[in-house]
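> Here this note's numbering is used: the first residue of the sequence shown is 126, the next is one more, and so on.
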Amino acid sequence: ARMTVTEDTDIVEAVCYLTENDRFSFPAVHWQMDANFWNDYHIRNFATWVTESYNPGIRSLVELWVEEMREGGRVLRWYPFMDPMQDMLLSRPSMLRCGCGHANYSIMTDGHIAPCPIMVGMKDYYVGHIRTADPLQLPVTTVGSPCTECDLFGFCGGRCLYSNIIRPWPERGQRIVCKTVENLYQALKAALPEVRLLIQKGVVRMEDFDHRKYNSCEIIP
126 ARMTVTEDTD IVEAVCYLTE NDRFSFPAVH WQMDANFWND YHIRNFATWV
176 TESYNPGIRS LVELWVEEMR EGGRVLRWYP FMDPMQDMLL SRPSMLRCGC
226 GHANYSIMTD GHIAPCPIMV GMKDYYVGHI RTADPLQLPV TTVGSPCTEC
276 DLFGFCGGRC LYSNIIRPWP ERGQRIVCKT VENLYQALKA ALPEVRLLIQ
326 KGVVRMEDFD HRKYNSCEII P
(Lines of atoms letter the chains of each structure in order from A and count residues from 1; the text may use other names and numbers.)
(Lines give C-alpha, C1' and ligand atoms only; values in the text may rest on other atoms or scores of the structure.)
Protein backbone atom coordinates (compact mmCIF):
# COMPACT_ATOMS: atom_id res chain seq x y z
CA ALA A 1 0.00 0.00 0.00
CA ARG A 2 1.23 3.48 -0.86
CA MET A 3 -0.19 6.58 0.77
CA THR A 4 0.13 10.25 0.13
CA VAL A 5 -0.13 11.90 3.53
CA THR A 6 -1.26 15.45 4.22
CA GLU A 7 -2.45 17.50 7.15
CA ASP A 8 -5.67 15.46 7.14
CA THR A 9 -3.75 12.25 7.85
CA ASP A 10 -3.42 10.62 11.24
CA ILE A 11 -0.33 8.62 10.35
CA VAL A 12 -0.72 6.07 13.16
CA GLU A 13 -4.35 5.35 12.36
CA ALA A 14 -3.68 5.17 8.61
CA VAL A 15 -0.67 2.83 8.77
CA CYS A 16 -2.29 0.54 11.33
CA TYR A 17 -5.53 0.37 9.35
CA LEU A 18 -3.78 -0.56 6.11
CA THR A 19 -1.73 -3.18 7.95
CA GLU A 20 -4.70 -4.85 9.61
CA ASN A 21 -8.38 -4.38 8.78
CA ASP A 22 -11.39 -6.56 7.97
CA ARG A 23 -11.59 -5.58 4.30
CA PHE A 24 -8.09 -5.93 2.84
CA SER A 25 -4.92 -5.89 4.88
CA PHE A 26 -1.73 -5.00 3.04
CA PRO A 27 1.49 -6.96 3.67
CA ALA A 28 3.64 -3.85 3.13
CA VAL A 29 3.04 -0.13 3.61
CA HIS A 30 4.89 3.01 2.63
CA TRP A 31 3.96 6.66 2.34
CA GLN A 32 5.07 10.02 1.03
CA MET A 33 4.33 13.40 2.52
CA ASP A 34 2.76 15.89 0.15
CA ALA A 35 5.52 18.36 0.94
CA ASN A 36 7.88 20.60 -1.06
CA PHE A 37 6.48 19.57 -4.43
CA TRP A 38 4.85 22.84 -5.51
CA ASN A 39 4.56 26.39 -4.20
CA ASP A 40 1.74 25.81 -1.74
CA TYR A 41 3.55 26.23 1.57
CA HIS A 42 1.93 29.60 2.29
CA ILE A 43 -1.57 28.08 2.19
CA ARG A 44 -0.73 24.99 4.24
CA ASN A 45 -0.83 24.22 7.95
CA PHE A 46 2.12 21.90 7.48
CA ALA A 47 4.37 23.06 10.31
CA THR A 48 1.70 22.66 12.98
CA TRP A 49 0.68 19.24 11.68
CA VAL A 50 4.27 18.01 11.67
CA THR A 51 4.89 19.17 15.23
CA GLU A 52 1.59 18.12 16.77
CA SER A 53 0.62 15.04 14.76
CA TYR A 54 3.04 13.57 12.24
CA ASN A 55 6.33 13.52 14.16
CA PRO A 56 4.77 12.17 17.38
CA GLY A 57 2.90 9.65 15.23
CA ILE A 58 6.10 8.40 13.65
CA ARG A 59 7.64 7.88 17.07
CA SER A 60 4.55 5.94 18.15
CA LEU A 61 4.67 3.81 15.02
CA VAL A 62 8.31 2.92 15.60
CA GLU A 63 7.38 1.82 19.12
CA LEU A 64 4.55 -0.33 17.72
CA TRP A 65 6.90 -1.74 15.08
CA VAL A 66 9.43 -2.84 17.69
CA GLU A 67 6.66 -4.11 19.98
CA GLU A 68 5.48 -6.42 17.20
CA MET A 69 9.02 -7.77 16.88
CA ARG A 70 9.31 -8.25 20.63
CA GLU A 71 5.91 -9.85 21.21
CA GLY A 72 5.04 -11.33 17.84
CA GLY A 73 8.44 -12.18 16.40
CA ARG A 74 7.49 -10.37 13.21
CA VAL A 75 9.09 -7.48 11.33
CA LEU A 76 6.22 -5.51 9.84
CA ARG A 77 7.06 -4.43 6.31
CA TRP A 78 6.75 -0.73 6.87
CA TYR A 79 9.29 0.45 4.32
CA PRO A 80 10.21 3.82 5.89
CA PHE A 81 11.37 1.84 8.94
CA MET A 82 12.53 -1.47 7.50
CA ASP A 83 14.90 -0.16 4.83
CA PRO A 84 16.77 2.41 6.97
CA MET A 85 16.89 0.03 9.94
CA GLN A 86 18.54 -2.65 7.81
CA ASP A 87 21.22 -0.16 6.79
CA MET A 88 21.68 1.00 10.39
CA LEU A 89 22.15 -2.61 11.48
CA LEU A 90 24.78 -3.02 8.77
CA SER A 91 26.33 0.45 9.29
CA ARG A 92 25.66 1.12 5.62
CA PRO A 93 25.00 4.56 4.08
CA SER A 94 22.50 5.02 1.29
CA MET A 95 22.02 7.12 -1.80
CA LEU A 96 18.47 8.23 -2.60
CA ARG A 97 16.45 5.43 -1.07
CA CYS A 98 13.79 5.48 -3.78
CA GLY A 99 16.56 4.74 -6.29
CA CYS A 100 15.84 7.69 -8.56
CA GLY A 101 18.77 8.79 -10.66
CA HIS A 102 21.01 5.85 -9.82
CA ALA A 103 18.96 2.63 -9.74
CA ASN A 104 15.49 3.66 -10.91
CA TYR A 105 14.78 5.48 -14.15
CA SER A 106 11.52 6.38 -15.88
CA ILE A 107 10.80 6.05 -19.59
CA MET A 108 8.69 8.88 -20.96
CA THR A 109 6.03 8.20 -23.61
CA ASP A 110 8.34 9.64 -26.28
CA GLY A 111 11.16 7.27 -25.30
CA HIS A 112 13.28 9.70 -23.33
CA ILE A 113 14.65 8.49 -20.01
CA ALA A 114 14.22 10.61 -16.89
CA PRO A 115 15.87 10.00 -13.52
CA CYS A 116 12.55 10.34 -11.69
CA PRO A 117 8.92 9.70 -12.75
CA ILE A 118 7.79 13.13 -11.59
CA MET A 119 10.39 14.92 -13.75
CA VAL A 120 8.24 14.89 -16.88
CA GLY A 121 9.25 17.71 -19.20
CA MET A 122 12.45 18.53 -17.30
CA LYS A 123 14.48 17.87 -20.42
CA ASP A 124 17.73 19.23 -19.03
CA TYR A 125 17.77 16.25 -16.69
CA TYR A 126 16.90 13.52 -19.18
CA VAL A 127 19.67 10.93 -19.32
CA GLY A 128 19.09 9.40 -22.73
CA HIS A 129 16.61 7.75 -25.08
CA ILE A 130 15.65 4.09 -25.24
CA ARG A 131 16.65 3.99 -28.91
CA THR A 132 20.29 4.80 -28.23
CA ALA A 133 21.02 4.51 -24.50
CA ASP A 134 22.80 1.57 -22.91
CA PRO A 135 20.63 0.67 -19.90
CA LEU A 136 23.73 -0.49 -18.03
CA GLN A 137 25.54 2.81 -18.58
CA LEU A 138 22.92 5.45 -17.77
CA PRO A 139 24.31 8.63 -16.20
CA VAL A 140 23.84 9.01 -12.45
CA THR A 141 21.88 12.07 -11.31
CA THR A 142 22.56 13.02 -7.71
CA VAL A 143 21.07 15.47 -5.26
CA GLY A 144 23.03 18.60 -4.47
CA SER A 145 23.27 21.19 -1.72
CA PRO A 146 21.98 21.56 0.96
CA CYS A 147 21.43 17.80 1.25
CA THR A 148 25.05 16.94 0.60
CA GLU A 149 26.18 19.07 3.56
CA CYS A 150 23.71 17.50 5.98
CA ASP A 151 24.86 15.19 8.79
CA LEU A 152 22.00 12.82 7.94
CA PHE A 153 22.83 12.58 4.24
CA GLY A 154 24.01 8.97 4.55
CA PHE A 155 20.76 8.06 6.30
CA CYS A 156 18.35 10.09 4.18
CA GLY A 157 20.08 10.05 0.82
CA GLY A 158 18.45 13.37 -0.04
CA ARG A 159 14.75 12.44 0.32
CA CYS A 160 13.62 13.58 -3.15
CA LEU A 161 15.63 14.41 -6.26
CA TYR A 162 12.81 16.49 -7.77
CA SER A 163 12.34 18.59 -4.63
CA ASN A 164 16.08 19.08 -4.27
CA ILE A 165 16.25 20.47 -7.79
CA ILE A 166 13.19 22.73 -7.97
CA ARG A 167 12.86 23.73 -4.28
CA PRO A 168 9.34 25.13 -4.47
CA TRP A 169 9.03 25.79 -0.73
CA PRO A 170 10.80 28.59 1.15
CA GLU A 171 13.74 27.64 3.33
CA ARG A 172 11.64 27.56 6.50
CA GLY A 173 9.34 24.98 4.89
CA GLN A 174 12.26 22.90 3.68
CA ARG A 175 13.67 22.89 7.22
CA ILE A 176 10.42 21.46 8.56
CA VAL A 177 10.53 18.66 6.00
CA CYS A 178 14.09 17.94 7.10
CA LYS A 179 12.92 17.88 10.72
CA THR A 180 10.62 14.98 9.83
CA VAL A 181 13.64 13.06 8.54
CA GLU A 182 15.60 13.88 11.69
CA ASN A 183 12.63 12.69 13.77
CA LEU A 184 12.52 9.41 11.85
CA TYR A 185 16.25 8.95 12.30
CA GLN A 186 16.16 9.61 16.02
CA ALA A 187 13.22 7.24 16.53
CA LEU A 188 14.96 4.43 14.65
CA LYS A 189 18.29 5.14 16.35
CA ALA A 190 16.59 4.86 19.74
CA ALA A 191 15.10 1.51 18.71
CA LEU A 192 18.34 0.15 17.26
CA PRO A 193 19.80 -1.39 20.47
CA GLU A 194 16.64 -3.39 21.16
CA VAL A 195 16.38 -4.52 17.56
CA ARG A 196 19.99 -5.74 17.73
CA LEU A 197 19.19 -7.60 20.94
CA LEU A 198 16.09 -9.22 19.43
CA ILE A 199 18.22 -10.44 16.53
CA GLN A 200 20.87 -11.78 18.91
CA LYS A 201 18.19 -13.65 20.86
CA GLY A 202 16.69 -15.09 17.68
CA VAL A 203 13.32 -13.42 18.22
CA VAL A 204 13.65 -11.94 14.73
CA ARG A 205 16.26 -12.62 12.08
CA MET A 206 18.43 -10.28 10.06
CA GLU A 207 16.83 -11.81 6.96
CA ASP A 208 13.46 -10.51 8.13
CA PHE A 209 14.60 -7.06 7.05
CA ASP A 210 15.36 -8.20 3.50
CA HIS A 211 13.20 -6.59 0.85
CA ARG A 212 13.23 -5.71 -2.79
CA LYS A 213 15.10 -2.43 -3.06
CA TYR A 214 14.41 0.34 -5.55
CA ASN A 215 10.90 -0.82 -6.49
CA SER A 216 9.77 2.84 -6.46
CA CYS A 217 8.79 2.86 -2.77
CA GLU A 218 9.30 6.24 -1.15
CA ILE A 219 11.42 5.19 1.81
CA ILE A 220 12.03 8.66 3.22
CA PRO A 221 8.54 10.17 3.31
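All C-beta atoms, glycine included, are put in the ideal place defined by N, C-alpha and C.
Grouping DSSP H, G and I as helix and E and B as strand, with all else coil, what is Q211?
Residue mapping note: residue 211 aligns to position 86 of the sequence shown, counting from 1. If DSSP states are grouped into helix, strand and coil, Q211 belongs with the helices.
> Taking buried to mean at least 16 other C-beta atoms within 10 Å of its own C-beta, is T266 buried or exposed?
For the purposes of this step, residue 266 is taken as the residue at position 141 of the sequence shown. Answer is buried; the Cβ neighbour count reaches 16.
> Please state if the CB of F334 and the CB of L214 are separated by a distance shorter than 8 Å.
Position 89 of the sequence shown holds residue 214. Position 209 of the sequence shown holds residue 334. It is a contact, given that the beta carbons lie within the stated cut-off.
> Do you know whose CA, among E332, A315 and Q299, lies nearest H167's CA?
One-based indexing of the sequence shown puts residue 167 at position 42. The residue with the shortest Cα to Cα distance from H167 is Q299.
> Since I believe V187 is in contact with A312 (beta carbons under 8 Å), could you give me their beta-carbon distance rounded to a whole number of angstroms?
As a working mapping, residue 312 is identified with position 187 in the sequence shown. As a working mapping, residue 187 is identified with position 62 in the sequence shown. The pair is a contact, with the Cβ atoms about 4 Å apart (cut-off 8 Å).
> Which stretch, first to last residue, makes up the alpha helix (DSSP H) that contains Q325?
Residue numbering aside, residue 325 sits at position 200 when the sequence shown is read from its first letter. That run of the alpha helix (DSSP H) goes E296 to Q325.
> What is the DSSP secondary structure of V154, counted as helix, strand or coil?
Position 29 of the sequence shown, counted from the start, is the residue given in the question as residue 154. Correct three-state label for V154: strand.
> Would you tell me roughly how many angstroms separate the C-alpha atoms of L323 and L317, rounded to the nearest one?
As a first step, residue 323 is located in the sequence shown; it is residue number 198 there, counting from the start. As a first step, residue 317 is located in the sequence shown; it is residue number 192 there, counting from the start. So the alpha carbons of these two residues sit roughly 10 Å apart.
> Counting pairs of Cβ atoms below 8 Å between the segment 168-178 and the segment 190-197, do you hit three or more?
Short answer: they don't touch.
> What's the call for F149, buried or exposed, on a 16-neighbour Cβ count within 10 Å?
Here the question's residue 149 lines up with position 24 in the sequence shown. F149 comes out exposed.
> Give me the Cα-Cα distance between T234 and M247, rounded to the nearest whole angstrom.
Position 109 of the sequence shown holds residue 234. Position 122 of the sequence shown holds residue 247. Taking the straight line from one Cα to the other gives about 14 Å.
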